[in-house]
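Participant:
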Amino acid sequence: MAKLSVFAIVSGALRDAICRMHHPAFRVAMLIAPLVLTVVGPFRSDIYNFWHALLLWALVIWVSTVVGMVNRSLVDRLLPRLNFLMRGGVSAVIFGAYLTPIMRLFSVGSGIMREEYYPTDLEVFLTAALGSFSVAAVRFYIFHAPEAQSELPSAPAQAPIFDRIAATRFDQIIRMTVDDHYVEIVTDLGQERILMRFADAIREMGEGNGLLVHRSHWVNPTAVTGCRREGIKVFLMTRDGAEVPVSKTYRENAISAGLIEG
Numbered sequence: 000m001a002k003l004s005v006f007a008i009v010s011g012a013l014r015d016a017i018c019r020m021h022h023p024a025f026r027v028a029m030l031i032a033p034l035v036l037t038v039v040g041p042f043r044s045d046i047y048n049f050w051h052a053l054l055l056w057a058l059v060i061w062v063s064t065v066v067g068m069v070n071r072s073l074v075d076r077l078l079p080r081l082n083f084l085m086r087g088g089v090s091a092v093i094f095g096a097y098l099t100p101i102m103r104l105f106s107v108g109s110g111i112m113r114e115e116y117y118p119t120d121l122e123v124f125l126t127a128a129l130g131s132f133s134v135a136a137v138r139f140y141i142f143h144a145p146e147a148q149s150e151l152p153s154a155p156a157q158a159p160i161f162d163r164i165a166a167t168r169f170d171q172i173i174r175m176t177v178d179d180h181y182v183e184i185v186t187d188l189g190q191e192r193i194l195m196r197f198a199d200a201i202r203e204m205g206e207g208n209g210l211l212v213h214r215s216h217w218v219n220p221t222a223v224t225g226c227r228r229e230g231i232k233v234f235l236m237t238r239d240g241a242e243v244p245v246s247k248t249y250r251e252n253a254i255s256a257g258l259i260e261g
């Protein structure tokens, strides 16, 4: 049973990370970031020619980003009771700890970067940990900024579900799904994993704030970016990059909400 739980947590974290990689912003960032660092040339990478430096930074960014996304998803699943910033801090320390040897292996061990030009392990750890936590802090500030809060009515925040998750507004909530005995709530701040019945989670969201499109999936209509058909199957695409299946039983809900055509 323990092995099954570990497998479920790891596979779920991988699934979450892959979903986020489908987001258009992720793909753009993965193309632009290596170019920017190649031009700027931090950590003495400016000693290399353009293509060598581009290869170096592409590997560093792509590997660290994938590792970081899986790491954060694992922390979210293993420590759901911690608040968003606390999980961000734990995730940052763990991320820095195991990214440090990985980066040395990829950069120095593979011969891409010479040992004398490689930063110390402490510098790599601090850069990775602070960078990871900075991303979490920026995301937290953006979605909790007073200006953003004042633009929306405060009444929706009284819904019981907000006592369980980091999000404070309905526009931050993207979707919910069932995973064994847990409910996974995906928001702009990350993912919450709560031990409760799916029906109770939907009830706590409040009537009219979303819709059931499958017996195991609930979506916020404002978070839907499009739909995709695969034969007779229909999927809703949400802004986190996920594709949510729409079952025949609940298809009328999606049609009535204007999310798919009849």
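With numbering that gives the first Met the number 0 applied, the sequence shown covers 0 to 261.
Note that the Cβ used here is the ideal one computed from N, Cα and C, for glycine as well.
(1) Check whether the Cβ atoms of residue 194 and residue 165 lie closer than 9 Å to each other.
(2) Would you decide whether residue 70 is buried or exposed? Buried here means 16 or more other CB atoms lie within 10 Å of its CB.
(3) What residues in its chain sit with their C-beta under 7 Å from that of residue 180, if we drop five residues either side in the sequence?
(4) The alpha helix (DSSP H) with residue 97 in it runs from where to where?
(5) Rounded to whole angstroms, what is the Cα-Cα separation between residue 94 and residue 68?
(6) Work out the CA separation of residue 17 and residue 162 for me, nearest whole Å.
(7) Between which two residues does the beta strand (DSSP E) carrying residue 114 extend?
(8) Please classify residue 96: is it buried, with 16 or more other beta-carbons within 10 angstroms of its beta-carbon, or exposed?
(9) Under the three-state reduction of DSSP, which class applies to residue 235: helix, strand or coil?
(10) On the premise that residue 248 lies in contact with residue 218, defined as a C-beta separation below 8 Å, what is that separation, rounded to the nearest angstrom?
(11) Short check: CB of residue 190 to CB of residue 72, under 9 Å?
(12) DSSP three-state call for residue 122: helix, strand or coil?
(13) To the nearest angstrom, how far is it from the Cα of residue 184 to the Cα of residue 29?
(14) Leaving out five residues before and five after residue 124 in sequence, what residues of the same chain have Cβ atoms less than 6 Å from its Cβ?
(15) Between the C-alpha atoms of residue 43 and residue 121, what's the straight-line distance to the nearest angstrom?
(16) Which residue wins for smallest C-alpha separation from residue 215, given the options 224, 63 and 245?
(17) Between residue 74 and residue 128, what straight-line distance do the alpha-carbon atoms span, to the nearest angstrom?
(18) Out of 168, 52 and 78, point me to the one whose CA is closest to residue 112's CA.
(19) Under 7 Å Cβ to Cβ from residue 227, same chain only, skipping five residues before and after it: list those, please.
Facilitator: So, to answer that:
(1) Residue 194 is not a Cβ neighbour of residue 165, given a cutoff of 9 Å.
(2) Classification for residue 70: buried.
(3) Taken in chain order, the residues that qualify are 194.
(4) Taken as a continuous stretch (DSSP letters only), the alpha helix (DSSP H) holding residue 97 covers 83-103.
(5) Roughly 9 Å separates the two Cα atoms.
(6) Looking at the two C-alpha atoms, the distance is approximately 28 Å.
(7) It is not in any beta strand (DSSP E) - residue 114 carries neither H nor E in the DSSP assignment.
(8) The residue is exposed, with fewer than 16 neighbouring Cβ atoms inside 10 Å.
(9) The answer is strand: DSSP assigns residue 235 an E or B state.
(10) At roughly 15 Å, the Cβ-Cβ gap does not stay under 8 Å, so residue 218 and residue 248 are not in contact.
(11) At a Cβ-Cβ threshold of 9 Å, residue 190 and residue 72 count as neighbours.
(12) Residue 122: helix per DSSP, three-state reduction.
(13) Residue 184 and residue 29 have their C-alpha atoms some 26 Å from each other.
(14) These residues qualify, in order along the chain: 95 and 99.
(15) Rounded to the nearest whole angstrom, the CA to CA distance from residue 43 to residue 121 is 16 Å.
(16) When 224, 63 and 245 are compared, the shortest CA-CA separation from residue 215 is found for 245.
(17) Residue 74 and residue 128 have their C-alpha atoms roughly 14 Å apart.
(18) Checking every option, the nearest Cα to that of residue 112 belongs to 52.
(19) Cβ neighbours of residue 227 beyond the five flanking positions: 234, 236 and 242.
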